Amino acid sequence: MYIKKNHLWIIMNKKDGLFEKHLRARNKLDYVLGKTRPEVDCILCSIVEGDPLVKNYIIHIDEIAVVSLNLYPYNPAQLLIFPIRHITDFRELNDNEILHISHLIKKSQDMITELYDPRGFNLGLNQGDCAGASIEHLHYHLVPRFKNELGYIDIIGKSRVIVEDINSIYEKLKQIAPKYFKKEQI
Numbered sequence: 128m129y130i131k132k133n134h135l136w137i138i139m140n141k142k143d144g145l146f147e148k149h150l151r152a153r154n155k156l157d158y159v160l161g162k163t164r165p166e167v168d169c170i171l172c173s174i175v176e177g178d179p180l181v182k183n184y185i186i187h188i189d190e191i192a193v194v195s196l197n198l199y200p201y202n203p204a205q206l207l208i209f210p211i212r213h214i215t216d217f218r219e220l221n222d223n224e225i226l227h228i229s230h231l232i233k234k235s236q237d238m239i240t241e242l243y244d245p246r247g248f249n250l251g252l253n254q255g256d257c258a259g260a261s262i263e264h265l266h267y268h269l270v271p272r273f274k275n276e277l278g279y280i281d282i283i284g285k286s287r288v289i290v291e292d293i294n295s296i297y298e299k300l301k302q303i304a305p306k307y308f309k310k311e312q313i
């Protein structure tokens with residue numbers, strides 16, 4: 128059962144383990160089902176090209192790779208880091224791209240730490256649909272993790288809440304990004 132509250136959907140499901148309620152960003156389900164997904168060949172290539180059909184939260188872009196906010200994050204400041212070159216397999220990356228993207232991941236962790244002080248990070252790469260890849264363009268997920276993630280509201284309220292708006296997060300990250308992504312440092 129879905130209940131709309133403000134700009135969030137609350138999904139009620141008594142048989143879902145620990146969480147009885149899940150708060151979801153508005154339109155995420157429609158996006159997953161393809162109802163609001165833009166009609167483009169590759170969503171990440173469209174972001175790079177500045178396609179007006181695709182929402183763009185680029186924090187940093189250079190000749191090799193992109194750092195962008197994830198439109199539907201697990202946690203505030205979750206980033207996608209991906210090569211500009213359209214590839215689907217990690218083994219297609221050349222050594223320079225691997226080194227460069229690794230450097231961007233490191234700088235992204237520093238930037239997120241300055242703003243949000245997470246206690247850890249998950250870094251993931253889903254390659255292939257059976258591995259959970261929903262976009263056929265190689266990309267890393269950098270997910271900041273916080274000490275209070277499984278806290279009072281998660282357990283007692285059996286709900287998951289992301290408090291900060293993506294536009295607010297984007298503005299904060301965009302403001303300090305030049306400090307971390309200087310050309311001579313990459």
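Residue numbers for the sequence shown follow my numbering, beginning at 128 and rising by one.
Heads up, the beta-carbon is just placed ideally off N, CA and C, and yes, glycines get one too.
Computed from a predicted structure; not experimentally measured.
Rank Phe308, Leu269, Ile214 and Asn221 by C-alpha distance to the C-alpha of Tyr199 and give the top, closest one.
Leu269
Taking Glu224 as the reference, which of Asp178, Tyr267 and Ser173 has the closest Cα?
Comparing Cα-Cα distances from Glu224 to each of Asp178, Tyr267 and Ser173, the minimum goes to Tyr267.
Indicate whether the contact test is met: 3 or more Cβ pairs, each with one atom in the segment 164-173 and one in the segment 224-236, closer than 8 Å.
no
Less than 7 Å between the beta carbons of Thr215 and Glu176, yes or no?
no
Through-space distance from Lys310 to Arg218, alpha-carbon basis
26 Å
According to the neighbour-count rule (16 or more other Cβ atoms, all chains shown, within 10 Å of its Cβ), is Glu291 buried or exposed?
exposed
How is the beta strand (DSSP E) around Ile208 delimited, first residue to last?
Leu206 to Pro210
Residue range of the unbroken beta strand (DSSP E) whose run includes Asn249
Gly247 to Leu252 is the span of the beta strand (DSSP E), which, as asked, contains Asn249.
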